[in-house]
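> Below: one structure in structure tokens.
Numbering (my numbering), first residue to last: 0 to 111.
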């Protein structure tokens, strides 16, 4: 018998750029760019060789490509501005649970 999946939200394998910083250092140069491995409505797993300690409060800026046509003329990006808590650390990275409040902001001129 397989163990029951205890997650409440479905996870999606999405590899998107994420800027992350310890909450108390928000806005300073200690921010780093990571890549998400999977995301859900309640959290995500982020690849890093230097994860933050469990229970660390973090600020996250997830960059979403909203352009479905992939044409240069219609590129549109959005920043999902969120806060979360590191729940688990593994060799490949860290799992972060998102707080319920977040903002979605437009980004102009962003290039991958």
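Even glycine gets a Cβ: it sits at the ideal position worked out from N, Cα and C.
Take residue 82 and list the residues in its own chain whose beta-carbon comes closer than 8 Å to its own, dropping the five residues that flank it on each side.
Same-chain partners within the cutoff: 22, 56, 57, 58, 59, 97, 98, 100, 101.
> Taking the C-alpha atoms as reference points, what is the distance between residue 93 and residue 51?
Cα-Cα distance, rounded: 8 Å.
> Are there 16 or more other CB atoms within 10 angstroms of the CB of residue 33, so buried, or fewer, so exposed?
Residue 33 should be labelled buried.
> Among 48, 54, 79, 103, which has the Cα closest to the Cα of residue 89?
When each option's Cα is compared against that of residue 89, the closest is 48.
> Looking at C-alpha atoms only, which residue of 11, 10, 9, 15 is the closest neighbour of residue 65?
If we check each option's Cα against that of residue 65, 15 comes out closest.
> Go through its chain and collect everything with a Cβ distance to residue 105's Cβ below 7 Å, but skip five positions before and after it.
Once the five neighbours on either side are set aside, the close Cβ partners of residue 105 are 77.
> Quick one: measure Cβ to Cβ for residue 54 and residue 85, integer angstroms, because I've assumed they're closer than 8 Å.
Yes, they are in contact, since the Cβ atoms of residue 54 and residue 85 sit about 6 Å apart, within 8 Å.
> Say whether chain D places a C-beta atom closer than 8 Å to the C-beta of residue 32.
Structure shown: chain D not included; a single protein chain is present.
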